[in-house]
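First the structure, in the form of structure tokens, and then the observations on it.
Residue numbers (the UniProt record's numbering): 1 to 277.
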């Protein structure tokens, strides 16, 4: 049996994860037949998914890992996951930023990747509750030039209490955000689903994100394919409050169809067939 060369490793692993979650478990020999790849390839994929903490390997196959809805991994732990997907998403989302506009970026590793592409967009006003995102813009300023390089972003970092994701949340952040108005909010999420909408395991972060959503004319969610179907403790927005979801090509076809039924805009980064609705 020849190896299926049409699927990238990340796409293949996304299909495996979707199968594991949908069926509650899969066997290696089933996956080799379904994907037309070798036993060794499937086992490598299962090893990679197990390292990400989304499946548990068992004898002859794998079962899903069900995390507590209150579990919140730290920034460093999340920063090593889905690097290619986050880079694709960041590049696609950055093209949506209009020079001279007022934008907001929430915390998270995907918005952190996005910030690195936004530093070259001139005359932005950026409001963020992410210490990491603010640091990206600060580092991009040319040393020795008062006010930074011409066209450099004006960055407003909210105050607040720091979370494991290096976001600032709580009443101080909430009041600052509620008094402002953004053309676009680029929002990272812990989980997104039809039933729960956008969710996070952190109650204070949920309230801060609600303020972000309320203050934005347009909400663009940046989330890799592993976030679809994940549900955190607290929902903070429904899908009808989202203008566009920017995700990656690892999203299975079934999930794409479901998203398109509930969201006006879906942009699959790295997929030429995808167009914003």
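By construction, the Cβ of each residue, glycine as well, lies at the ideal position given by its N, Cα and C atoms.
Spatially closest choice to residue 225 from 210, 34, 192, by CA coordinates: 192
Using 8 Å as the Cβ pair cut-off and three pairs as the minimum, do the region 182-190 and the region 214-234 touch? yes
By Cβ distance below 7 Å, which residues in the same chain neighbour residue 60 in space, the five residues on each side in sequence not counted? 27, 28
What runs of the alpha helix (DSSP H), each 4 residues or longer, lie entirely inside the region 197-231? 203-214
For residue 12 and residue 41, the rounded distance between their alpha carbons: 10 Å
Contact the region 194-214 vs the region 113-125: 3+ CB pairs below 8 Å: no
Three-state secondary structure (DSSP) at residue 257? Here residue 257 sits in helix by DSSP.
N-terminal and C-terminal residue of the alpha helix (DSSP H) that residue 18 is part of: 9-23
From the DSSP output, in three-state form, read off residue 163 for me. Under the three-state reduction of DSSP output, residue 163 falls in the coil class, being neither helix nor strand.
Beta-carbon proximity check, residue 204 vs residue 172, cutoff 8 Å: no
Spatial neighbours of residue 230 in its chain, beta-carbon cut-off 6 Å, leaving aside the 5 residues before and after: 191
Identified DSSP bridge partners for residue 56: 63
Under a Cβ-count criterion, where at least 16 other Cβ atoms within 10 Å of its own Cβ denotes burial, should residue 98 be classed as buried or exposed? exposed
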